[in-house]
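Each remark here refers to the structure printed beneath this line.
Numbering (this note's numbering), first residue to last: 5 to 228.
Put into C-alpha coordinates, the structure is as follows:
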(Lines of atoms letter the chains of each structure in order from A; the text may use other names.)
(Lines give C-alpha, C1' and ligand atoms only; values in the text may rest on other atoms or scores of the structure.)
Protein backbone atom coordinates (compact mmCIF):
# COMPACT_ATOMS: atom_id res chain seq x y z
CA UNK A 5 0.00 0.00 0.00
CA UNK A 6 1.32 3.42 -0.91
CA UNK A 7 2.23 5.96 1.74
CA UNK A 8 0.00 8.91 2.52
CA UNK A 9 1.28 12.46 2.03
CA UNK A 10 1.73 12.91 5.78
CA UNK A 11 3.79 9.73 6.03
CA UNK A 12 5.99 10.81 3.11
CA UNK A 13 6.65 14.17 4.75
CA UNK A 14 7.47 12.52 8.09
CA UNK A 15 9.94 10.08 6.50
CA UNK A 16 11.62 12.84 4.50
CA UNK A 17 11.98 15.04 7.58
CA UNK A 18 13.52 12.16 9.55
CA UNK A 19 16.02 11.39 6.80
CA UNK A 20 17.11 15.02 6.40
CA UNK A 21 17.55 15.37 10.17
CA UNK A 22 19.70 12.22 10.45
CA UNK A 23 21.97 12.94 7.47
CA UNK A 24 22.46 16.60 8.38
CA UNK A 25 23.57 15.69 11.89
CA UNK A 26 26.02 13.10 10.57
CA UNK A 27 27.61 15.52 8.11
CA UNK A 28 28.08 18.11 10.84
CA UNK A 29 29.73 15.56 13.11
CA UNK A 30 32.01 14.38 10.31
CA UNK A 31 33.25 17.91 9.63
CA UNK A 32 33.51 19.01 13.26
CA UNK A 33 37.01 19.85 14.44
CA UNK A 34 38.57 19.51 10.99
CA UNK A 35 38.79 23.17 10.10
CA UNK A 36 42.17 24.82 10.02
CA UNK A 37 42.26 28.54 10.87
CA UNK A 38 43.03 30.76 7.88
CA UNK A 39 46.60 31.93 7.41
CA UNK A 40 45.69 35.52 8.23
CA UNK A 41 44.36 34.50 11.66
CA UNK A 42 47.39 32.50 12.74
CA UNK A 43 49.43 34.04 15.57
CA UNK A 44 52.34 36.05 14.25
CA UNK A 45 55.11 37.10 16.60
CA UNK A 46 56.57 40.57 16.18
CA UNK A 47 59.01 42.50 18.27
CA UNK A 48 57.32 45.58 19.60
CA UNK A 49 58.82 48.87 18.47
CA UNK A 50 58.15 52.16 16.75
CA UNK A 51 59.01 51.08 13.22
CA UNK A 52 56.56 49.12 11.08
CA UNK A 53 56.66 47.49 7.66
CA UNK A 54 55.34 48.98 4.45
CA UNK A 55 54.68 48.26 0.80
CA UNK A 56 54.59 51.92 -0.22
CA UNK A 57 54.33 55.36 1.38
CA UNK A 58 50.58 55.02 1.91
CA UNK A 59 51.29 52.51 4.69
CA UNK A 60 53.30 55.19 6.52
CA UNK A 61 50.82 58.09 6.36
CA UNK A 62 49.05 57.10 9.59
CA UNK A 63 52.36 57.29 11.49
CA UNK A 64 53.01 60.98 10.92
CA UNK A 65 51.57 64.10 9.37
CA UNK A 66 52.58 64.86 5.82
CA UNK A 67 55.76 63.10 4.74
CA UNK A 68 57.50 62.81 8.11
CA UNK A 69 57.60 59.06 7.46
CA UNK A 70 58.46 57.39 4.17
CA UNK A 71 58.73 53.79 3.00
CA UNK A 72 62.36 52.74 2.55
CA UNK A 73 62.50 49.27 0.95
CA UNK A 74 60.12 47.70 3.50
CA UNK A 75 60.22 49.88 6.62
CA UNK A 76 58.44 53.14 7.51
CA UNK A 77 61.04 55.55 8.83
CA UNK A 78 60.83 59.15 10.16
CA UNK A 79 63.60 60.44 7.91
CA UNK A 80 63.19 64.07 8.98
CA UNK A 81 63.63 63.43 12.71
CA UNK A 82 64.37 59.97 14.14
CA UNK A 83 65.18 61.13 17.68
CA UNK A 84 62.20 59.18 19.07
CA UNK A 85 63.17 55.92 17.41
CA UNK A 86 64.60 53.37 19.90
CA UNK A 87 68.36 53.14 19.57
CA UNK A 88 68.30 49.48 18.59
CA UNK A 89 65.97 50.32 15.66
CA UNK A 90 67.53 53.60 14.59
CA UNK A 91 69.31 53.70 11.25
CA UNK A 92 71.85 56.14 9.89
CA UNK A 93 70.54 58.45 7.18
CA UNK A 94 72.56 58.92 4.03
CA UNK A 95 72.76 60.30 0.51
CA UNK A 96 75.37 57.89 -0.84
CA UNK A 97 77.06 54.64 0.18
CA UNK A 98 80.09 56.44 1.61
CA UNK A 99 77.82 58.00 4.26
CA UNK A 100 77.23 54.51 5.71
CA UNK A 101 79.52 52.02 7.43
CA UNK A 102 81.79 49.97 5.21
CA UNK A 103 79.50 46.93 5.41
CA UNK A 104 76.32 48.89 4.67
CA UNK A 105 74.54 50.26 1.60
CA UNK A 106 72.62 53.50 1.19
CA UNK A 107 69.09 53.09 -0.11
CA UNK A 108 67.58 56.28 -1.51
CA UNK A 109 63.83 56.79 -1.73
CA UNK A 110 62.47 56.96 -5.28
CA UNK A 111 61.00 60.43 -4.62
CA UNK A 112 64.34 62.25 -4.39
CA UNK A 113 62.72 65.60 -5.13
CA UNK A 114 60.88 65.61 -1.79
CA UNK A 115 62.69 63.01 0.31
CA UNK A 116 66.32 64.07 0.32
CA UNK A 117 67.68 61.39 2.64
CA UNK A 118 68.13 57.67 2.38
CA UNK A 119 68.70 54.92 4.94
CA UNK A 120 71.73 52.73 5.59
CA UNK A 121 70.99 49.00 5.42
CA UNK A 122 73.33 46.22 6.48
CA UNK A 123 72.65 44.28 3.31
CA UNK A 124 70.20 44.73 0.47
CA UNK A 125 69.41 41.31 -0.98
CA UNK A 126 66.65 40.78 -3.52
CA UNK A 127 64.27 37.83 -3.19
CA UNK A 128 61.04 36.30 -4.42
CA UNK A 129 60.38 33.95 -1.49
CA UNK A 130 61.62 33.76 2.13
CA UNK A 131 63.57 30.61 1.21
CA UNK A 132 65.99 32.78 -0.75
CA UNK A 133 66.96 34.74 2.38
CA UNK A 134 69.19 33.86 5.32
CA UNK A 135 67.81 32.05 8.35
CA UNK A 136 65.67 34.35 10.48
CA UNK A 137 64.80 36.58 7.53
CA UNK A 138 61.68 36.88 5.39
CA UNK A 139 61.01 38.39 1.97
CA UNK A 140 59.38 41.83 2.14
CA UNK A 141 58.30 43.12 -1.25
CA UNK A 142 61.31 41.70 -3.08
CA UNK A 143 63.95 42.34 -0.40
CA UNK A 144 65.19 40.15 2.46
CA UNK A 145 64.03 41.63 5.77
CA UNK A 146 64.30 40.83 9.46
CA UNK A 147 61.63 38.50 10.83
CA UNK A 148 60.04 41.24 12.96
CA UNK A 149 59.34 43.26 9.81
CA UNK A 150 58.23 40.21 7.82
CA UNK A 151 55.65 39.31 10.50
CA UNK A 152 54.06 42.75 10.12
CA UNK A 153 54.54 42.84 6.33
CA UNK A 154 52.40 39.71 5.85
CA UNK A 155 49.59 41.39 7.79
CA UNK A 156 49.43 44.57 5.69
CA UNK A 157 46.12 45.25 3.87
CA UNK A 158 45.76 44.09 0.27
CA UNK A 159 43.61 45.28 -2.63
CA UNK A 160 43.76 42.48 -5.22
CA UNK A 161 44.67 38.82 -5.79
CA UNK A 162 47.38 39.82 -8.28
CA UNK A 163 48.96 42.19 -5.77
CA UNK A 164 49.26 39.38 -3.22
CA UNK A 165 50.84 37.08 -5.79
CA UNK A 166 53.33 39.73 -6.91
CA UNK A 167 54.40 40.26 -3.29
CA UNK A 168 54.65 36.52 -2.62
CA UNK A 169 52.19 36.76 0.29
CA UNK A 170 49.50 34.40 -0.98
CA UNK A 171 47.22 33.57 -3.87
CA UNK A 172 44.19 35.57 -2.75
CA UNK A 173 43.19 38.87 -1.12
CA UNK A 174 40.80 37.77 1.63
CA UNK A 175 38.36 39.78 3.79
CA UNK A 176 38.66 39.82 7.58
CA UNK A 177 36.20 40.53 10.36
CA UNK A 178 37.84 43.90 11.12
CA UNK A 179 36.91 45.25 7.69
CA UNK A 180 40.36 45.05 6.07
CA UNK A 181 41.60 42.55 3.49
CA UNK A 182 44.81 40.54 3.86
CA UNK A 183 46.68 38.09 1.63
CA UNK A 184 46.02 34.39 2.17
CA UNK A 185 46.00 31.03 0.38
CA UNK A 186 42.34 30.21 1.01
CA UNK A 187 40.01 31.15 -1.84
CA UNK A 188 37.37 33.54 -0.37
CA UNK A 189 35.00 32.58 -3.21
CA UNK A 190 35.43 28.82 -3.68
CA UNK A 191 33.64 26.95 -6.49
CA UNK A 192 30.01 26.17 -5.68
CA UNK A 193 30.00 22.73 -7.35
CA UNK A 194 31.04 21.06 -4.11
CA UNK A 195 31.41 21.99 -0.47
CA UNK A 196 35.09 21.57 0.56
CA UNK A 197 35.88 20.80 4.20
CA UNK A 198 39.31 21.42 5.67
CA UNK A 199 41.13 18.18 6.41
CA UNK A 200 42.65 17.76 9.89
CA UNK A 201 46.11 16.97 8.48
CA UNK A 202 48.14 18.20 5.56
CA UNK A 203 46.35 21.56 5.27
CA UNK A 204 44.56 20.45 2.09
CA UNK A 205 40.90 20.55 1.19
CA UNK A 206 38.89 17.39 0.79
CA UNK A 207 35.22 16.50 0.44
CA UNK A 208 33.74 14.46 3.28
CA UNK A 209 32.20 11.31 1.77
CA UNK A 210 28.63 10.27 2.44
CA UNK A 211 28.65 8.93 6.00
CA UNK A 212 28.14 5.11 6.19
CA UNK A 213 25.54 5.45 8.94
CA UNK A 214 23.55 7.76 6.68
CA UNK A 215 23.45 4.99 4.07
CA UNK A 216 21.98 2.57 6.62
CA UNK A 217 19.46 5.20 7.70
CA UNK A 218 18.37 5.65 4.10
CA UNK A 219 18.04 1.88 3.60
CA UNK A 220 15.97 1.54 6.78
CA UNK A 221 13.65 4.31 5.69
CA UNK A 222 13.18 2.69 2.27
CA UNK A 223 12.29 -0.65 3.90
CA UNK A 224 9.85 1.13 6.16
CA UNK A 225 8.26 2.77 3.14
CA UNK A 226 7.89 -0.60 1.38
CA UNK A 227 6.14 -2.12 4.40
CA UNK A 228 3.63 0.69 4.37
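Ideal Cβ placement from N, Cα and C applies to all residues, glycine included.
Computed from a prediction, not measured in an experiment: that's the story for all the values here.
Straight-line Cα distance separating residue 54 from residue 108: 15 Å
When 128, 71 and 91 are compared against residue 115, the one with the closest alpha-carbon: 71
Cβ shell of residue 158 (< 7 Å), same chain only, five flanking positions each side left out: 164, 173, 181, 182 and 183
Beta-bridge pairing of residue 54 - partner residues as DSSP gives them: Paired residues: none, contrary to the question.
Same chain only: Cβ atoms within 6 Å of residue 125, ignoring 5 sequence neighbours per side: 144
Buried versus exposed, by CB contacts within 10 Å (16 or more), residue 152: buried
Cβ-based neighbour list, residue 140, same chain, cut-off 7 Å, excluding 5 preceding and 5 following: 53, 74, 149, 150 and 153
Close Cβ partners of residue 137 (< 8 Å) along its chain, the five nearest in sequence each way excluded: 130, 144, 145, 146, 147 and 150
Pairwise C-alpha distance: residue 87 and residue 167: 30 Å
Assigned secondary structure, residue 59 (DSSP; H/G/I helix, E/B strand, else coil): helix
Spatial distance of residue 58 from residue 111 (CA atoms): 13 Å
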